[in-house]
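Taking our numbering, I'd label the letters of the sequence shown as residues 1499 to 1758. One structure is given below, encoded as structure tokens.
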Amino acid sequence: MTETQKIDVGEGAAIPSRSDWGLFNAWVISIVGAVSVIIYLLLAHPDPYRRLLVYLSDGIVITFQVTVTSIICACVIGLITGLGRVSKNKAINLVASTYVEIIRGIPLLVQLFYIYYALGRFLNVHDLTAAIIAMSVCYGAYMGEVFRAGITAIDKGQTEAARSLGLNGKQTMFMVILPQAWRTILPPVGNEFIALLKDTSLVSILAVSDLLRRGREFSSETFLYFETYTLVALIYLVITLILSKGVSIMEARLSHYVRR
């Protein structure tokens, strides 16, 4: 039987690997080029780029705060949803499946508006909290499908072997299935993490002072739109490229550990 080849397509940056010569060298060219341009702009044109970078610094912190908090919450929601999607309990399976279908059918921007403005009529939700909730709920649905696919990819013989050793269903899932599924899950989880980082730019509509929001404030004060959005774009590019390489390193180490 021929091995089925995995197709991994997502919104995040491609995961660079030395085995893919073209992609790896494209990553090197992109990261070196982006960093070089930023350094050149800061040295050759200190005003306004150095002033702009200082102005954007707290926005970068907020962007990471929203991204990291949301991805942690999304992974927890995704794990619960994924387990629900493979559950033999029809009620649990139906609830998990309904959540995935509804959330994936509504654009993230609409969810942000709904949680902050629509629910704001009944609940006083802070803008940063609303942003994290919306990102977590939205990406939790996608993570749920990632976990479901990773769990179902494990051969059923693993479950049968674990049960024959006396493990119950919960022990089998958390001690046997999920550790093996993580190798399959890691690349798409990393891709979703990078995609979520880019989508945090949407939270600027809620007056959250993220990277894009700070850039908009600076450009509206100085009218330096070209300079501002050039630097913002370069910062996003550098961050996503670094994260994609980090995911690649984690995947390589995990594969090496599995082979051992």
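C-beta: ideal position from N, C-alpha, C; glycine also.
query = Secondary structure at Leu1554, three-state DSSP: helix, strand or coil?
reply = If DSSP states are grouped into helix, strand and coil, Leu1554 belongs with the helices.
query = With a Cβ-Cβ cutoff of 8 Å, do Gly1648 and Ile1683 count as a contact?
reply = The Cβ atoms of Gly1648 and Ile1683 sit closer than 8 Å to each other.
query = Is Val1598 near Ala1639, with beta carbons less than 8 Å apart?
reply = With respect to the 8 Å criterion, Val1598 and Ala1639 are classified as neighbours on the basis of their beta carbons.
From Leu1617, Ser1742, Ser1718, residue whose alpha carbon lies closest to that of Val1526 = With distances taken between Cα atoms, Val1526 lies closest to Ser1742.
ask   = Given 8 Å as the limit, is there contact between the segment 1690 to 1706 and the segment 1534 to 1547, that is, 3 or more CB pairs closer than that?
value = Two segments are said to touch when three or more pairs of C-beta atoms, one from each, lie closer than 8 Å; by this definition the segment 1690 to 1706 does not touch the segment 1534 to 1547.
query = Looking only at its own chain, which residues have a Cβ that is under 6 Å from the Cβ of Phe1645, when we skip the five neighbours before and after it?
reply = Closer than 6 Å at the Cβ level, and outside the excluded window around Phe1645, lie Gly1576, Leu1577, Gly1580.
inquiry  = According to DSSP, simplified to helix, strand and coil, what is Asp1697?
reply    = Here DSSP, grouped into helix, strand and coil, assigns Asp1697 to helix.
message = I need the DSSP call for Ser1585, collapsed to helix, strand or coil.
response = Residue state, collapsed to three classes: coil.
Close beta carbons around Ala1594, own chain, < 6 Å, minus the five adjacent residues each side = Excluding its 5 nearest sequence neighbours in each direction, Ala1594 has C-beta neighbours in its own chain below 6 Å: Thr1579, Gly1582, Arg1583, listed in chain order.
ask   = If you pair each beta-carbon of the segment 1662 to 1674 with each one of the segment 1618 to 1637, do three or more pairs fall below 8 Å?
value = With a cut-off of 8 Å, the segment 1618 to 1637 and the segment 1662 to 1674 do not count as touching, because too few Cβ pairs lie within range.
inquiry  = Just to confirm, is the Cβ distance from Leu1539 to Ile1733 under 8 Å?
reply    = Cβ atoms of Leu1539 and Ile1733: not closer than 8 Å.
Rounded separation between Ile1747 and Val1533 - CA only = So the alpha carbons of these two residues sit roughly 20 Å apart.
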